[in-house]
Amino acid sequence: MAPEVISRSPYTTEVDIWSLGIMVIEMIDGEPPYFSDSPVQAMKRLRDSPPPKLKNSHKTSPVLRDFLERMLTRDPLERATAQELLDHPFLLQTGLPECLVPLIQRYRKRTSTC
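Counting in our numbering, the sequence shown runs from 14 upward without gaps.
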């Protein structure tokens, strides 16, 4: 949950960008930030502390860390927009979706029982 939501401040779609950043942390670390805290304590930390950081940042590239920092900027006016994220080098360096087709086909062959 974005800090401005927890603080009950007015907010718009920037909260979704924050949430995406939290999901990226969860995908990399295997759990959301402050997972071991109580829900109330986690919300207080999100509201009052600097943005959460990766536990496993050593597993990520500098460009991914920058991508994440752009999403987890406390000030919603300075947080990246969806278009800025789409134009970010982290997403621009990825392959086209067509590159996934052979991977999906190989997976289906391995898991097929027929």
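Each residue gets a CB set at the ideal place from its N, CA and C atoms; glycine is no exception. Nothing here was measured: the structure is a model prediction, and the numbers come from that model.
| Check | Outcome |
| --- | --- |
| Contact set for Leu67: own chain, Cβ-Cβ below 8 Å, skip 5 residues either direction | Ile38, Ile41, Asp42, Thr73, Arg78 and Leu81 |
| Beta-carbon proximity of Glu27 to Leu104, cut-off 9 Å | no |
| Exposure of Ala95, with buried meaning 16 or more beta-carbon neighbours within 10 Å | exposed |
| Among Tyr47, Glu97 and Ile19, the one whose alpha carbon lies nearest that of Ala55 | Tyr47 |
| For Gly34, three-class secondary structure by DSSP | helix |
| Simplified DSSP assignment, three categories, for Thr26 | coil |
| Beta-carbon proximity check, Arg87 vs Pro63, cutoff 9 Å | yes |
| Local conformation of Ala95 per DSSP, three classes | helix |
| Pro16 classed as buried or exposed, judged by whether at least 16 other C-beta atoms fall within 10 angstroms | buried |
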